[in-house]
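*Asks:*
There are 2 protein chains.
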Amino acid sequence: MAPATLHRQVETRLNAKDIRYTTGRRAVVTTLAESDGPRSAAELSAKIGANVPLSSLYRTLTVLEAADVITPHFATKGLARYELAEWLTGHHHHLVCIECGTVEDIEVPPLYEQQVAALVETIAATSSFTASNHDLEIEGTCEQCS
Amino acid sequence: MAPATLHRQVETRLNAKDIRYTTGRRAVVTTLAESDGPRSAAELSAKIGANVPLSSLYRTLTVLEAADVITPHFATKGLARYELAEWLTGHHHHLVCIECGTVEDIEVPPLYEQQVAALVETIAATSSFTASNHDLEIEGTCEQCS
DNA sequence: TTCCTTGCAAACGATTTGCATTGGA
DNA sequence: TCCAATGCAAATCGTTTGCAAGGAA
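Residue numbers (our numbering), protein chains in the order written: chain A, 13 to 158; chain B, 13 to 158.
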């Protein structure tokens, strides 16, 4: 999605909830849009530069998550990583490096996605669990670490 | 797996690495074997009772993880949950409740498992990422929370 | 002016570590 | 006996919160 379009969509979403789309929030959205996978508060801070205090960053993340603009991800120990919500990026899955912990987004071909969706349907039909979403985590070693 | 068999397998594995299979370690393995999903240190502590200090529990978890007897899981914010490694339990996936955070194991029918395996193969073939395992997280609402 | 937002510092909760003690082979 | 394992207390790390200052409508 073009950055201008992205920001317009986010702004509309935030305005609908009477939340301002401030510079700091815009910076987080921009940075996540440029990333190819979820990023932690520390990673965002480093990339944004302009030494924003971490407490402000965390507050920004809380606000954006509550507005469903970003989604948290917890594939690695001890810290949360965030990415733009799927209504902004499209549905995707994750490659998780078991060495360095970085996470990369992947899209899977439609045929496979249908199979996974069918699997989730099947599970839902045979249990009392109400499924709303799914995420396939492929664990392994990234190029850097191998 | 029968408890006796389980403990024998774990003991063999630990002995091979010159690690003792102590009462505390045995208690963690027993408790995880009785659980239907990954459990946190606090949950294990509560279930084991016998007020074991958390620091000892964490050390036990570290040792068992290093010996590949247990595997950490991070689907929810702020804390790690552990489960017996798949060579002891068999391959499975997870239902994650987005309300209360609890995680439950599920086995998926072989046909679907083959499809997922094929998907992972395909991804591996088209990227420089070396896949070693995968985990499908189905997010939704558990019976309690719905 | 009136709230929302931000910055700073202190507080928190999960986890880790140093060190002295205990216990099993 | 001797080193691994444990308990306790203090330290660490990511994250959250109270409160006062800054900023946009």
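Heads up, the beta-carbon is just placed ideally off N, CA and C, and yes, glycines get one too.
1) Using DSSP with H/G/I as helix, E/B as strand and the rest coil, what is A:Thr83?
2) Along the chain, where does the beta strand (DSSP E) containing A:Gly152 start, and where does it finish?
3) Kindly indicate the opening and closing residues of the beta strand (DSSP E) around A:Ile118.
4) In the structure shown, what three-state DSSP assignment does A:Ser52 receive?
5) Going by DSSP, what residue range makes up the alpha helix (DSSP H) through A:Tyr70?
6) Identify the continuous alpha helix (DSSP H) that holds A:Tyr124 and give its terminal residues.
7) Could you check the C-alpha separation between A:Thr17 and B:Glu98 for me, to the nearest Å?
8) Measuring CA to CA, which of B:Val64, B:Ala92, B:Asn63 is closest to B:Glu77?
9) Which residues does DSSP list as the beta-bridge partners of B:Glu95?
10) Based on Cα-Cα distance, which residue from A:Met13, A:Leu131, A:Glu95, A:Glu155 lies nearest to A:Ala53?
11) I'd like to know if B:Glu119 contacts chain A, where contact means its C-beta is closer than 7 Å to some C-beta of that chain.
12) Closer than 7 Å between beta carbons: that is the criterion. Which residues of the segment 66–89 of chain B meet it against chain A?
13) Chain A beta carbons: is any one of them nearer than 7 Å to that of B:Cys157?
14) Mark B:Ser158 as exposed unless 16 or more other C-beta atoms lie within 10 angstroms of its C-beta, in which case mark it buried.
15) Apply the 10 Å Cβ neighbour rule to B:Ser57 and answer buried if 16 or more other Cβ atoms are within range, or exposed otherwise.
*Replies:* Reading it off the structure:
1) Residue 83 of chain A sits at position 71 when you count from the first residue of the first sequence. A:Thr83 falls in the strand class under three-state DSSP.
2) For this step, residue 152 of chain A is matched to residue 140 along the first sequence. Residues 142–153.
3) What you label residue 118 of chain A is simply residue 106 of the first sequence in a count that begins at 1. Here the beta strand (DSSP E) through A:Ile118 covers 115–118.
4) Along the first sequence, one-based indexing puts residue 52 of chain A at 40. Of the three classes helix, strand and coil, the one that applies to A:Ser52 here is strand, per DSSP.
5) By one-based count along the first sequence, residue 70 of chain A stands at place 58. Here the alpha helix (DSSP H) through A:Tyr70 covers 66–78.
6) For the purposes of this step, residue 124 of chain A is taken as the residue at position 112 of the first sequence. A:Tyr124 -> alpha helix (DSSP H) spans 122–137.
7) Taking the first sequence and counting its residues from 1, one reaches residue 17 of chain A at position 5. Taking the second sequence and counting its residues from 1, one reaches residue 98 of chain B at position 86. Looking at the two C-alpha atoms, the distance is approximately 45 Å.
8) Working through the second sequence from its first residue, we reach residue 77 of chain B at position 65. It is B:Ala92 whose Cα lies nearest to the Cα of B:Glu77.
9) Position 83 of the second sequence, counted from the start, is the residue given in the question as residue 95 of chain B. For B:Glu95, which the question treats as bridged, DSSP gives the partners B:Thr83.
10) Counting from 1 along the first sequence, the entry for residue 53 of chain A is found at position 41. Ranking the options by Cα distance to A:Ala53, first place goes to A:Glu95.
11) Position 107 of the second sequence holds residue 119 of chain B. Among the residues facing chain A, B:Glu119 is not included, as its CB has no counterpart in that chain under 7 Å away.
12) From the segment 66–89 of chain B, only Pro84, Phe86, Ala87, Thr88, Lys89 have a Cβ closer than 7 Å to chain A.
13) As a working note, residue 157 of chain B is residue 145 in the second sequence. Not one chain A Cβ lies under 7 Å of B:Cys157.
14) Along the second sequence, read from residue 1 onward, the residue named residue 158 of chain B stands at position 146. Exposed is the call here.
15) In the second sequence, counting from the first residue as 1, residue 57 of chain B sits at position 45. The residue is buried, with at least 16 neighbouring Cβ atoms inside 10 Å.
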